[in-house]
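When the letters of the sequence shown are read in order and numbered with this note's numbering, they come out as residues 1 to 256. Ideal placement from N, C-alpha and C gives every residue a C-beta, glycine not left out.
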Amino acid sequence: MIETRPLILITNDDSVQAPGLLRLIDCMPQNVDIIAVAPAEPHSGQSSAITVGAPLRIKALPDYGNARMFAVTGTPVDCVKIAMHAIVPRKPDLVLAGINHGSNSGCNVVYSGTMGAVLEGCTEGIASCGFSLLHHSWQADFTMGMPFISEMVKKLIKDGLPEGVCLNVNIPARVEPKGIRVCRAAKGYWTDEYEKYSDPSGNPFYWLTGRFVNSEPNATDTDEYWLSQEYISVVPVACDMTAAQPIDFLAKRFDK
Numbered sequence: 001m002i003e004t005r006p007l008i009l010i011t012n013d014d015s016v017q018a019p020g021l022l023r024l025i026d027c028m029p030q031n032v033d034i035i036a037v038a039p040a041e042p043h044s045g046q047s048s049a050i051t052v053g054a055p056l057r058i059k060a061l062p063d064y065g066n067a068r069m070f071a072v073t074g075t076p077v078d079c080v081k082i083a084m085h086a087i088v089p090r091k092p093d094l095v096l097a098g099i100n101h102g103s104n105s106g107c108n109v110v111y112s113g114t115m116g117a118v119l120e121g122c123t124e125g126i127a128s129c130g131f132s133l134l135h136h137s138w139q140a141d142f143t144m145g146m147p148f149i150s151e152m153v154k155k156l157i158k159d160g161l162p163e164g165v166c167l168n169v170n171i172p173a174r175v176e177p178k179g180i181r182v183c184r185a186a187k188g189y190w191t192d193e194y195e196k197y198s199d200p201s202g203n204p205f206y207w208l209t210g211r212f213v214n215s216e217p218n219a220t221d222t223d224e225y226w227l228s229q230e231y232i233s234v235v236p237v238a239c240d241m242t243a244a245q246p247i248d249f250l251a252k253r254f255d256k
C-alpha cells in the first residue's frame with residue numbers, strides 16, 4: 001500500500017502577492033504536499049462572499065518552494081471552492097488561511113475573508129484554521145510567531161479537529177509570543193466606522209475607518225485579553241450558527 005502524504009490547501013484574503021501567504025507556506029512541514037490558491041487581488045472584509053454572475057479564472061504561477069501556486073479572480077471562498085472543484089487532486093487534509101495582515105479577533109471574525117475561507121473548508125468536513133498577525137503592514141515581521149504556527153499545523157495534521165469546528169488564531173505583533181491560550185472571542189463592536197470627505201465638486205463620500213471597542217475590557221478569558229498579554233489566542237469557531245439556547249423560549253412564542 002502506498003502511503004499518501006498529507007495535502008494542505010492554503011489561501012488568504014490579502015491576495016496571492018501578500019508576504020503573509022508566503023510566510024504561512026514557510027511554516028509547513030517538509031513531508032506534506034502544498035497547494036496555494038489565493039485571490040489575484042486583495043479581498044479583505046469579504047467574509048463568505050462568493051462570485052455570482054461572473055466567470056472565475058485560474059492562473060498557474062511559478063512554484064514557491066514545494067508549494068504549487070495559483071491565482072483566482074475571486075474571493076477567498078471562491079478560492080476554496082474552485083480549488084476543490086478544479087485544482088486539488090483529492091480532498092485536502094487541511095485548509096489553512098493567512099497569515100492575515102491584521103487582526104481577526106473579537107467580532108472581526110464576522111467580516112473576515114480569511115475566516116470566510118476557513119469556514120468554507122470546515123463546511124467541506126476538512127480541518128481548517130486561519131492565522132492572523134496584529135500588524136497591517138506588508139513589511140510586518142512574521143518570524144516570531146512562525147514556530148508556533150509550525151507546531152500547531154503538525155498537531156492539526158496528527159489529530160485534526162472536532163466535527164464542525166474550525167480555529168481562529170491571532171498572533172501579537174512585534175513581540176515573541178509567551179505561549180498559546182484557547183479562549184473565547186471578546187464581545188465588542190466597531191465605532192466611528194466612516195469618515196466623511198468631499199470630492200473636488202463638493203459631493204460627499206465616505207471612507208471606512210473606525211476602531212474596535214472591547215465591551216468587556218475586564219474579562220480575562222477572551223482573545224483580546226490574551227493578545228494584550230502577548231499570548232497567541234486560539235478561538236474555536238462553529239460552522240453551525242444556530243443559537244440553540246433560546247430555541248425553547250422562542251418556540252413558546254412562535255410555534256403553532
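Where do the ends of the beta strand (DSSP E) carrying residue i lie?
i	result
Lys-59	58–64
Thr-114	From DSSP, Thr-114 is part of no beta strand (DSSP E) but of the alpha helix (DSSP H) over 113–123.
Arg-211	211–214
Gly-188	188–191
Phe-148	Element bounds for Phe-148: not the beta strand (DSSP E) but the alpha helix (DSSP H), 146–159.
Ala-38	33–39
Pro-204	204–208
Ile-25	From DSSP, Ile-25 is part of no beta strand (DSSP E) but of the alpha helix (DSSP H) over 19–26.
Residues in the same chain with beta-carbon distance under 8 angstroms from residue i, minus the five sequence neighbours each way, listed in chain order, please.
i	result
Pro-204	Lys-196, Tyr-197 and Ser-198
Ala-173	Leu-133, Leu-134, His-135, Ala-140 and Asp-141
Val-109	Met-115, Asn-168, Ala-185, Val-235 and Val-237
When we look at the beta-carbon of residue i and count the other beta-carbons within 10 Å, is it buried (16 or more) or exposed?
i	result
Met-1	Here Met-1 scores only 43 on pLDDT, less than 50, and its place in the model should not be relied on; the value that follows carries that caveat. Result: exposed.
Ile-82	buried
Leu-167	buried
Ser-137	exposed
Ala-18	buried
Asp-78	buried
Thr-4	exposed
Would residue i pass as an interface residue toward chain B - the criterion being a Cβ-Cβ separation below 8 angstroms?
i	result
Gln-245	The chain inventory of the structure shown lacks chain B, comprising one protein chain alone.
Tell me which same chain residues have a C-beta within less than 6 angstroms of the C-beta of residue i, skipping the five on either side of it?
i	result
Val-95	Leu-9, Gly-121, Ile-126 and Ser-128
Ile-58	Phe-70 and Val-72
Could you check how far apart the C-beta atoms of residue i and residue j are, in whole angstroms? I think they sit under 8 angstroms.
i	j	result
Asn-66	Asp-13	Contact doesn't hold; Cβ gap of about 23 angstroms is too wide.
Ala-86	Val-118	Contact doesn't hold; Cβ gap of about 20 angstroms is too wide.
Arg-211	Asp-192	7 angstroms
Leu-61	Val-16	7 angstroms
Lys-178	Glu-230	5 angstroms
Lys-187	Glu-216	5 angstroms
Could you give the first and the last residue of the continuous alpha helix (DSSP H) run that contains residue i?
i	result
Arg-253	247–254
Leu-227	223–228
Met-84	76–86
For residue i, tell me which candidate among the options has the shortest Cα-Cα distance.
i	options	result
Leu-7	Pro-19, Met-28 and Arg-23	Met-28
Pro-147	Ser-15, Ile-25, Arg-68 and Thr-114	Ile-25
Arg-23	Leu-250, Glu-151, Thr-143 and Val-234	Thr-143
Arg-68	Leu-156, Leu-21 and Cys-107	Leu-21
Thr-75	Arg-5, Val-110, Val-52 and Ser-150	Val-52
Glu-124	Gly-45, Leu-250 and Asp-240	Asp-240
Val-165	Val-234, Thr-209 and Gln-30	Val-234
Give me, in chain order, the residues of the same chain whose beta-carbon lies closer than 7 angstroms to that of residue i; leave out the 5 immediate sequence neighbours on both sides.
i	result
Val-88	Leu-7, Leu-9 and Ile-35
Gly-160	Ala-127
Ser-103	Ser-132, Leu-134 and Asn-170
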